[in-house]
Structure formats: C-alpha cells, structure tokens
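Q: The structure is given below, and queries will be raised subsequently.
In my numbering, the protein residues as written are 1 to 262.
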C-alpha cells in the first residue's frame, strides 16, 4: 500500500476536495483506496456521505490504539473506496498521546499493519489546516506528500513553510518521505493573477508541479452538500474531468517511483 498525505497548513485550498475526488478517480481506475480523515472538522467524512451516527470507529480510535485501521474503516458509496472517518474527539488527541514516545508514529504503525497493507493499494491522508501533531503523524506515515495549492497571490509564501516542515520530518522522523507533487487548485482562467501564480509556481518548483490544474467549478463545490464526490455528482463537469486527469498523472508518477526504487 502506498500512503500519500495531502497537506497544506492553509485552509480553503481544496485539500479535502482533492482527497475525496482523487481517491474516487483512483478507485474508478481499479485501485483499492482508503481515505484517512485526520481533520477534526471531518469534512472528508461528510463529503463522502458518512453520517456522524455511523462513525463507530474513527481516526481518534486508531491513534489512541483502541481500534485498528480495518476495524475503524467505513465503506463508502464509491466502489473500491473506504474511509476511516473523523470525529470531534480528534481535538483532544494531542493530550491523549503526547506522553507516549511514539506519538509521532501512531498513524504510521496503524497503516503499516499487515492487514491494512494487504487490503488497500492507496491510503490518502487528509490533514487539518495546521502544522500540528496530526499533520506530523500524517507526514511521518507517508511515502509521499501531495500539496494542493490555491492559485492566489500568497501561494508560494505558504508553500515555503510547508516545505520546511517536510524537510524537518524527513530529517527526524521519516527519511524516505518524498514530494509526490503540487497540484494547483481553484484556477480561474478569466483571472490574469491566477495564470501568473501558476507560472510562478512552475518556475520555482519545476517538475514537482502536476500538469493538471483544477479549475474553480460550481458542481465540485455543490457535491459535498449531497454527500458525494464530484465524480459521482456530475462526472461530466470540468472539475471531475480534471480530477480524472490528476489521477492519471498520480498513477504515472507512481510507476516512475517504483521503477526508480527497483
């Protein structure tokens, strides 16, 4: 199982939307996908139609050691995709595990259990919009990081802080952590500033930036209120097509990673 963490300490950049729609597109391509909702707000869980009453197991239970990944997973309406949902209990997880020496590796240990590894091809971890212990757990667990980056003026400024955190985690907790890629989100082709931001990020980050750019799209924004990924809500909309293209790029990069490792 490949573990990809989607991280950005800024909120509102399309992180959760990218997690659930990339996961759906990967599942549609035949991959067995697990979404790990590590945000106390639980938007990934809500966006996949998981009622709060149905969240008998959660990422909190996994991190404190009460449940395994397999025990905490919930099936979704997307064939081939499950989720470990979030609850508000996650707000107290730092206090619950802070005294433990393995507090930064709790998620890694859970995801590396043989039963979980054999059950899924990909785990996509949706992080909270902050650089706290939850995000550190997600980075320590990951094989690679995928960064959703909004097409706005301060995009590069926020990215530099995240890259510093990734380097710190690589140096201290997870030496095998790699950058999977940066995906530009909420792109408005009518906005000249958005086009300039994409050009600037590509100039600074080079091949790390995916070719696919995710557009602003009303149908993508509407989908979570119906408890569906955009690809189930309206597969023909521009946002859905972009996420299908992104999944294709992710799979292609995964092949290169495997070839390089071999």
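Quick reminder that beta carbons are idealized off the backbone N, C-alpha and C, glycines included.
Nothing here was measured: the structure is a model prediction, and the numbers come from that model.
Just checking my contact of residue 57 with residue 72 at CB under 8 Å: how many whole Å lie between their CB atoms?
A: 3 Å
Q: Ignoring anything shorter than 3 residues, give me the beta strand (DSSP E) runs that lie fully in the region 149-222, in order along the chain.
A: 178-187 and 209-215
Q: Return the chain-ordered ranges of every beta strand (DSSP E) run that is complete within the region 34-118 and spans a minimum of 3 residues.
A: 81-84
Q: Could you please give me the residues that DSSP links to residue 126 through a beta bridge?
A: According to DSSP, residue 126 shares a beta bridge with 6 and 37.
Q: Restricting to Cα atoms, I'd like to know which of 25, 259, 69 and 154 is closest to residue 268.
A: Outside the displayed range of the chain (1 to 262) lies residue 268, so it cannot be described from this structure.
Q: Pair every Cβ in the region 240-249 with every Cβ in the region 210-224, then say whether three or more of these pairs are closer than 8 Å.
A: yes
Q: Work out the CA separation of residue 51 and residue 118 for me, nearest whole Å.
A: Within the model, the alpha-carbon separation for residue 118 versus residue 51 is close to 27 Å.
Q: May I ask you to list the residues that DSSP assigns as paired with residue 144?
A: 4 and 178
Q: Only counting the same chain, and skipping five residues up and downstream in sequence, which positions put a Cβ closer than 8 Å to that of residue 111?
A: 1, 3, 36, 69, 117, 123 and 141
Q: Pair every Cβ in the region 124-143 with every Cβ in the region 7-26, then say whether three or more of these pairs are closer than 8 Å.
A: yes
Q: Within the same chain, show all residues whose beta-carbon is closer than 6 Å to that of residue 202, passing over the 5 residues directly before and after it, in chain order.
A: 209
Q: Just the Cα atoms here: how many angstroms apart are residue 28 and residue 81?
A: 9 Å
Q: Using a threshold of 8 Å, is the CB atom of residue 207 nearer than that to any non-hydrogen atom of the ligand FMN?
A: Ligands are entirely absent from the displayed structure, and the ligand FMN is therefore not among its contents.
Q: Just to check my reading of the structure: residue 87 and residue 42 have Cβ atoms closer than 8 Å, yes? What is that Cβ distance to the nearest angstrom?
A: 7 Å
Q: Under 9 Å, do residue 257 and residue 178 count as touching if we go by C-beta distance?
A: Yes; because the gap between Cβ atoms is below 9 Å, this pair is in contact.
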